[in-house]
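Just so we're aligned, residue 1 is where the sequence shown starts under full-length UniProt numbering, counting upward by one. Worksheet: one structure, shown below.
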Amino acid sequence: MKGAFEFGFIMLFSLPMIVFGIGFVEIMMNYNQARYLQNYTIMQIEHQNRLDDSVYALIEEGKRYCDQCDVRIININERYRVTVTFPIRLPIINYEAKGMTSTLTQIIK
């Protein structure tokens, strides 16, 4: 009887933590994909040394790495700020939000 109680007690507290852990792994995967898309976008802008329609086409091709991510590019003086937003979801507690990562390119002349 004591063993069954201990087993039930352990399962009661460990299973929700395992489910939360799986949710956090999904969040980390989304963040990793967003960072990959951000680095890909910055690489394309810096490699082409400009931002025009052909670079936008390359960036759109790169969106296959992160389907649910949104990319915004803002011109700041001679640099570009690349901001990628990605979803954060924990379905067990019905939590949804948007994460964001932002980086500047090198000076583009």
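Backbone N, C-alpha and C fix where the C-beta goes; we use that ideal spot for every residue, glycine too.
Does DSSP put residue i in a helix, a strand or coil?
i          : result
residue 41 : helix
residue 68 : coil
If you draw a straight line from the alpha carbon of residue i to that of residue j, how long is it in whole angstroms?
i          : j          : result
residue 24 : residue 98 : 14 Å
residue 90 : residue 19 : 9 Å
residue 94 : residue 17 : 16 Å
Just checking my contact of residue i with residue j at CB under 8 Å: how many whole Å lie between their CB atoms?
i          : j          : result
residue 27 : residue 88 : 5 Å
Count the other CB atoms within 10 Å of the CB of residue i; is the residue buried (16 or more) or exposed (fewer)?
i          : result
residue 3  : exposed
residue 86 : buried
residue 8  : exposed
Quickly, what does DSSP pair residue i with across the bridge? List them, please.
i           : result
residue 99  : 86
residue 104 : 81
residue 74  : 81
Would you say the beta carbon of residue i comes nearer than 7 Å to a heavy atom of the ligand ZN?
i          : result
residue 62 : This structure lacks the ligand ZN; in fact it carries no ligand of any kind.
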